[in-house]
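This report concerns only the one structure given below.
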Amino acid sequence: MFRSLLSLPPLLAALLAWAPPATAAPAAAPLRIVLPPLHPSAREHAAYFPALLRLALEKTRASDGPFEISVFPRELTSPRQALELKNNGVINVIWDGSNAQRERELLAVPVSLLGELNDYRVLLIRRQDASRFAAVRTLEQLAALRAGAGVNWPSTEILRANGLPVVTAISYEFLFPMLQGGRFDYLPRGVYEAWFEQRVHAGRDLVVEPDIFLHYRVPFHFFVSRDNPALAARIERGLRLAQQDGSFARLFNGVPAFRRSLDEIRAGKRRVFELRPLP
7 MFRSLLSLPP LLAALLAWAP PATAAPAAAP LRIVLPPLHP SAREHAAYFP ALLRLALEKT
67 RASDGPFEIS VFPRELTSPR QALELKNNGV INVIWDGSNA QRERELLAVP VSLLGELNDY
127 RVLLIRRQDA SRFAAVRTLE QLAALRAGAG VNWPSTEILR ANGLPVVTAI SYEFLFPMLQ
187 GGRFDYLPRG VYEAWFEQRV HAGRDLVVEP DIFLHYRVPF HFFVSRDNPA LAARIERGLR
247 LAQQDGSFAR LFNGVPAFRR SLDEIRAGKR RVFELRPLP
């Protein structure tokens, strides 16, 4: 059985539970979408992605037919999600940053889900290390410290290609105790993610470093199996329709974490370290 809607955040539960009024006409077999579970540490913003997917599918309901969305009931690491998708396993849509390997193995829907938000990283650090980071004025100085990252995150290879040492973990959840315990010195996080994660992990005495941005481009897309181009095409059509009628922007602007993040970027108060893209 897939996860009960009662265990999901209220916004996402409402979005997944909504269905149009029944009609007398016989219904076509619905398109069945199975999503990975939302991690509790990301729920402030992560419900946006299933909501955006539903919006895209609703925009194409008249032309492509009905659909049903469910959530796989068990946690899947990021590598496992990609593997399940590649092999037509237990899920059939994910959302994530893109890199060359992911583009080879999976089929990206070529519409940016986050715009510039995914191109800026702030640093989650141990509170007692604030003075060390206050002295960091160049990328070369930052390279004397160790970053943490997921083993298959697109950011990991970008950081390494720019001379920044990286310690990896297979699970997102492992990264926070590793940072607390000194396995690495900072955890680059999306500008829309870091403050919420600081609150979730308040007991670990981690803080968002106040003066540095890492800037590098990581497009963020929906992905499906390469065996399912029809699904990718439907999602793309729906997203572009939502862009045209303004509903995409309204959904994006309705996420408080995104609005705060844009304000942080546009304030222009941080030192910006530009990282070279991968060749």
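According to this note's numbering, the sequence shown is numbered sequentially starting from 7.
By construction, the Cβ of each residue, glycine as well, lies at the ideal position given by its N, Cα and C atoms.
Predicted model, so just to flag it, every value in this text is computed and none were measured.
Item, Value
"Distance, G121 Cα to P285 Cα", "21 Å"
"Coarse secondary structure for T29, derived from DSSP in three states", "Low local confidence applies: a pLDDT of 49 at T29 is under 50, so the model's placement there is unreliable, and no value is given."
"Spatial distance of A200 from P42 (CA atoms)", "21 Å"
"L119: first and last residue of the uninterrupted beta strand (DSSP E) it sits in", "That residue, L119, is in no beta strand (DSSP E); it is neither H nor E in DSSP."
"Sequence-distant residues of the same chain with beta carbon closer than 8 Å to V224, five excluded per side", "G103, S104, N105, N124, D125, P160, S161 and I164"
"Beta bridge counterpart(s) of L41 as assigned by DSSP", "V77"
"Chain-order list of residues whose beta-carbon lies under 8 Å from that of P235 (same chain, five-residue window excluded)", "L113"
"G196, buried or exposed, once every other Cβ within 10 Å from all chains shown has been counted against 16", "buried"
"Contact check, A175 vs G156, beta carbons under 8 Å", "yes"
"Between the CA atoms of F264 and F258 - distance to the nearest angstrom", "7 Å"
"Enclosing alpha helix (DSSP H) for F55 [first to last residue]", "Y54 to K65"
"Closest by C-alpha distance to R108, when choosing among S76, R86, L129 and R127", "R86"
"Residue nearest to R38 in terms of C-alpha spacing, selected from R282, I97 and M184", "I97"
"Opposing strand residues paired with Y126 [DSSP bridges]", "H221"
"Beta-carbon spacing of F219, F279 below 8 Å", "yes"
"Inter-residue CB distance, E111 and A88 (contact presumed, cutoff 8 Å)", "7 Å"
"Environment of T144 [buried if 16+ CB atoms lie within 10 Å]", "exposed"
"Test item: CB-CB of A167 and R282 under 8 Å", "yes"
"Per DSSP, the bridge partner or partners of L212", "R132"
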